[in-house]
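Student: Numbering (our numbering), first residue to last: 1 to 176. C-beta atoms are modelled at their ideal positions from N, C-alpha and C, and glycine is treated no differently. Computed from a predicted model, the values in this text were never measured in an experiment.
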Amino acid sequence: MMTYHDTEWGVPLHDDQGLFEFLILDGFQAGLSWSIVLRKRGAFRQAFDGFDPEKIARYDEEKVQALLQNPEIIRNRRKIDGAIRNARSFLSIREQKGSFNDYIWMFTDGKTIHNHWREESQIPVTSSESDAMSKDLKQHGFSFVGSTICYAFMQAAGLVNDHLISCFRHQELINL
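1. Assuming residue 159 and residue 105 form a contact by the criterion Cβ under 8 Å, report the distance between their Cβ atoms to the nearest whole angstrom.
2. Should residue 24 be listed as close to the ligand NAP, given that the test is whether its C-beta is under 7 Å from any heavy atom?
3. Kindly give me the distance between the Cβ atoms of residue 68 and residue 77, rounded to whole angstroms, as I take these residues to be in contact under 8 Å.
4. According to the neighbour-count rule (16 or more other Cβ atoms, all chains shown, within 10 Å of its Cβ), is residue 152 buried or exposed?
5. Taking only the alpha-carbon atoms, compute the straight-line gap between residue 83 and residue 46 and give it to the nearest angstrom.
6. May I ask you to report which of helix, strand or coil DSSP gives residue 114?
7. Which residues does DSSP pair with residue 160 in a beta bridge?
8. Quick one: is residue 170 buried, meaning 16 or more other Cβ sit within 10 Å of its Cβ, or exposed?
9. Can you list, in chain order, the residues of its chain whose CB lies under 6 Å from that of residue 59, leaving out five sequence neighbours each side?
10. Taking 8 Å as the cut-off, decide whether the C-beta atoms of residue 27 and residue 149 are in contact.
11. Using three-state DSSP, classify residue 9 as helix, strand or coil.
12. Just how far apart, CA to CA, sit residue 92 and residue 174?
13. In angstroms with no decimal places, state the Cα-to-Cα distance between residue 43 and residue 70.
14. Does residue 53 come out as helix, strand or coil in the three-state DSSP assignment?
Okay, here's the thing in C-alpha cells:
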C-alpha cells in the first residue's frame, strides 16, 4: 500500500488502457477494501488479458466460467459481467469521442482538482464531479460506477489530488 501511495495514487493518468484498468479494479473493489484489490492486481491483469478492453469485450460464457473458478481474483459473477459490459461501453465511448482519456477528463475540465485537506475525515467519498461522471457513465451502459466508485477512481487516476497537505505527495502532484 505504501509503494502504491507513494508512486501511483493520485498521479494524473492519461492512458486509455490504464484508465480502463483503474475503472474495472474500482468496480471490483465495491464493498471490499482497496488493499484486497491491490494485492490481487497482478492476478487480475493476467486473468483479464492485461485489461485489454477489446479482448474483454469478446469474453463468452466459457471465459466467464474460467474467471469464476480462478481463486486468485474476486469471483463475483455480477462484477465479472460488469467488467465485460464496461469494456464494451468503454470501446463505444472511445469510438465516439476519439479517446476515453478525453472523455473522462472532461469531468474535471481537463485538469486535476487539488484539494487541501488537513485531516482524513475531511476527504469526501463523492463530489459533484463524481456524481456527474457516474450519471454519464451509466447512460453509456457502464455498471459498478456509482458516485463513490467514481470518486475513488478519480483519486486513483489523479483527476483529484486528495493527499493531505501534510503528505509529501500533495505538493509533488501540484508541481507536476
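Tutor: If we stick to the structure as given:
1. On the sequence shown, position 159 is the one that residue 159 refers to. On the sequence shown, position 105 is the one that residue 105 refers to. Residue 159 to residue 105, Cβ: 7 Å. Contact.
2. The ligand NAP is absent from the structure shown, which contains no ligand whatsoever.
3. The sequence position of residue 68 within the sequence shown is 68, counting from 1. The sequence position of residue 77 within the sequence shown is 77, counting from 1. Contact flag correct, Cβ pair sits at about 6 Å.
4. Along the sequence shown, one-based indexing puts residue 152 at 152. When all chains shown are included, residue 152 counts as buried.
5. Looking up residue 83 in the sequence shown gives position 83. Looking up residue 46 in the sequence shown gives position 46. Cα to Cα, the separation comes out at about 14 Å.
6. The residue given as residue 114 occupies position 114 in the sequence shown. DSSP places residue 114 in strand when its eight states are reduced to three.
7. Position 160 of the sequence shown, counted from the first residue, corresponds to residue 160. Paired residues: 113.
8. Here residue 170 corresponds to residue number 170 of the sequence shown, with the count starting at 1. With 16 or more other Cβ atoms within 10 Å, it is buried.
9. As a working mapping, residue 59 is identified with position 59 in the sequence shown. Excluding sequence neighbours, residue 59 sits near 84.
10. As a position in the sequence shown, residue 27 is number 27, starting the count at 1. As a position in the sequence shown, residue 149 is number 149, starting the count at 1. Residue 149 sits close to residue 27, with the two beta carbons spaced by under 8 Å.
11. Indexing the sequence shown from 1 puts residue 9 at position 9. Here residue 9 sits in coil by DSSP.
12. Taking the sequence shown and counting its residues from 1, one reaches residue 92 at position 92. Taking the sequence shown and counting its residues from 1, one reaches residue 174 at position 174. Distance between the alpha carbons of residue 92 and residue 174 is about 32 Å.
13. One-based indexing of the sequence shown puts residue 43 at position 43. One-based indexing of the sequence shown puts residue 70 at position 70. If I take the Cα positions, the gap works out to 9 Å.
14. As a working note, residue 53 is residue 53 in the sequence shown. Helix, per DSSP.
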